[in-house]
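Reading the sequence shown from the start, the letters are residues 129 to 258 in this note's numbering.
What follows is one structure encoded as structure tokens, with my remarks underneath.
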Amino acid sequence: MVKNKQIVKLFHIPIYDYFVWVKFGGTQESFIKFVASKLGCRVAEHNIESIGLLSTVEGIADHCMWFREIDPDASTIAHEVFHSVCHVMKHRGVWPLTKENEEAFAYLIGSFMGQIVLEIKKPIKKKETK
Numbered sequence: 129m130v131k132n133k134q135i136v137k138l139f140h141i142p143i144y145d146y147f148v149w150v151k152f153g154g155t156q157e158s159f160i161k162f163v164a165s166k167l168g169c170r171v172a173e174h175n176i177e178s179i180g181l182l183s184t185v186e187g188i189a190d191h192c193m194w195f196r197e198i199d200p201d202a203s204t205i206a207h208e209v210f211h212s213v214c215h216v217m218k219h220r221g222v223w224p225l226t227k228e229n230e231e232a233f234a235y236l237i238g239s240f241m242g243q244i245v246l247e248i249k250k251p252i253k254k255k256e257t258k
């Protein structure tokens, strides 16, 4: 685990024109401040490893996630991605999850998981100071 590092990334899921802010690392308090600044809403404090937050604020992001670890395990990522994908599908009219539409869910989960895994595998760049 890498300590005291943070990555903040806005992911775009083009097929559904869906945006997700994902913050890796940092504290829960810093995530709550981040959500307030990006989405204009509050998060109840919880002592947990990750948070997924759905937003109704148009034009900024549809969803926001925080992972306590900068390199979360696959099961934690999958858990939050599944919630996010369900939210996308509900709001894009592909709901409920059925045998007939499960491939669309599986594709979107795989695509989003792939984006997140690529992001956390990138080397961490130090911020330049002036």
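Ideal placement from N, C-alpha and C gives every residue a C-beta, glycine not left out.
Bear in mind the structure is a predicted one, so any value in this text is a computation, not a measurement.
Check: For LYS249 and GLY242, what's the separation of their Cα atoms in angstroms?; Outcome: 11 Å
Check: Leaving out the 5 sequence neighbours to the left and right, which residues in its chain are closer than 6 Å to ARG259 when beta-carbon positions are compared?; Outcome: Residue 259 lies beyond the stretch modelled for the chain, which goes from 129 to 258, so this question has no answer here.
Check: So what does DSSP say about LYS227, is it helix, strand or coil?; Outcome: coil
Check: Verify whether the separation of the beta carbon atoms of TYR146 and VAL209 is less than 7 Å.; Outcome: no
Check: So, are the CB atoms of CYS192 and VAL163 less than 7 Å apart?; Outcome: yes
Check: Is any non-hydrogen atom of the ligand ADP found closer than 6 Å to the C-beta of GLU208, if you look at the structure I gave you?; Outcome: Within the structure as shown, the ligand ADP is missing, as the structure has no ligands at all.
Check: Measuring alpha carbon to alpha carbon, tell me which of ASP199, GLU247, VAL148 ends up nearest GLY154.; Outcome: ASP199
Check: Runs of 4 residues minimum, wholly inside the stretch 199-253: which ones carry the alpha helix (DSSP H) assignment?; Outcome: 202-219, 230-249
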